[in-house]
Amino acid sequence: MTAARWTYGTTPWLGQDHPLAGVPGRTRVIIDNDFAGDPDDLFQLAHHLLVEGTQVCGVVVSRLREDDGWNRTGHSIQAGREKVEHLLELMGVDGVNFYEGDDRGFADHDGPTAASRFIVEEAMREDDRPLYLVAGGSLGDVARAYKAEPAIADRLTLIWIGG
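Our numbering puts the first residue of the sequence shown at 449, with every later residue one more than the last.
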């Protein structure tokens with residue numbers, strides 16, 4: 449059986465006559481998590497993608513510590529991306545943008561990553577809607593973004609649970 453496909457930003461389950469159909473998100477969200485870790489990260493992502501009132505601007509795949517029990521491959525960025533891609537396939541969703549962090553910790557690599565560049569770009573983009581960065585793992589890419597552009601501190605709200 450093939451799952452029905454839908455593009456992120458659309459809400460086909462609401463129907464065209466629903467008052468929220470086609471309404472843009474009131475808030476912008478960047479999701480930053482170590483998706484190769486415990487599976488609650490994937491539930492967080494699925495939940496955010498299904499909320500009509502938000503716009504998920506991008507998904508940051510961050511690292512797990514080398515000694516983390518969930519880090520079975522030593523390549524947590526790649527493993528996390530594969531888990532997210534699998535989830536999106538199960539959900540039948542297209543159009544979600546990914547940005548990878550670095551498997552090295554901030555102490556070993558404090559230079560830019562695709563993820564940190566994206567965080568800076570989205571935070572500095574002119575938009576009247578608030579930007580929330582919800583993180584559930586390492587803050588290495590957030591730290592790299594702040595190091596590159598300290599002004600992001602005034603342009604986003606960081607919500608962090610552990611890591």
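No residue lacks a Cβ here, since even glycine has one placed at the ideal position from N, Cα and C.
With DSSP collapsed to three states, give me the class of residue i.
i	result
ILE478	strand
ILE600	helix
GLN464	coil
ALA484	coil
GLU570	helix
HIS534	helix
GLY553	coil
ARG577	coil
ASP489	helix
GLY559	coil
Could you tell me which residues DSSP puts in a beta bridge with residue i?
i	result
GLU548	VAL509
LEU497	Beta-bridge pairing links LEU497 to no other residue.
THR455	ASP542
ILE607	VAL582
VAL504	VAL477
For residue i, which residues from the same chain have a beta carbon less than 7 Å from its beta carbon, with the 5 sequence-adjacent residues on both sides left out?
i	result
PRO560	ARG592, ALA596
ALA452	GLY540
MET449	For MET449, the pLDDT reaches just 49, beneath the cut-off of 50, and the residue's location in the model is therefore unreliable, although a value from the coordinates is still provided. Excluding positions up to five away in sequence, the list is empty.
LYS531	PHE483, ALA484, LEU490
GLN464	none
GLY610	GLY584
GLY543	THR455, TYR456, GLY457
SER564	ASP589, ARG592, ALA593, ALA596
Please look up how many angstroms separate the CB atoms of residue i and residue j, rounded, as I've assumed it's under 8 Å.
i	j	result
VAL541	TRP454	6 Å
ASP575	ARG474	Not quite, the Cβ-Cβ distance comes to about 11 Å (not below 8 Å), so this is no contact.
GLY504	TYR456	Position check: residue 504 holds Val in this sequence, whereas Gly was assumed. Indeed, because the Cβ distance is near 7 Å, the residues count as touching under 8 Å.
LEU535	GLU500	With 8 Å as the limit, LEU535 and GLU500 do not qualify as a contact, their Cβ atoms being about 19 Å apart.
GLY588	SER510	6 Å
Among residues of its own chain, excluding the 5 on either side of residue i, which ones have a beta-carbon nearer than 6 Å to its beta-carbon?
i	result
GLY506	ILE478, ASN545, TYR547, PHE566
ALA583	ASP480, TRP608
ASP550	HIS557, THR561
PRO578	THR475
LEU604	ALA571, LEU579, LEU581
For residue i, which residues of its own chain have a beta-carbon under 8 Å away from its beta-carbon, when the five flanking residues on both sides are left out?
i	result
ILE600	ILE567, VAL568, ALA571, MET572, ALA593, TYR594
GLY529	Per the sequence shown, residue 529 should be read as Arg rather than Gly. Taken in chain order, the residues that qualify are PHE483, VAL509, PHE546, GLU548.
For residue i, decide whether its Cβ has a neighbour in chain D, counting only Cβ atoms nearer than 9 Å.
i	result
PRO578	Considering every chain present, this structure includes no chain D. It has just one protein chain.
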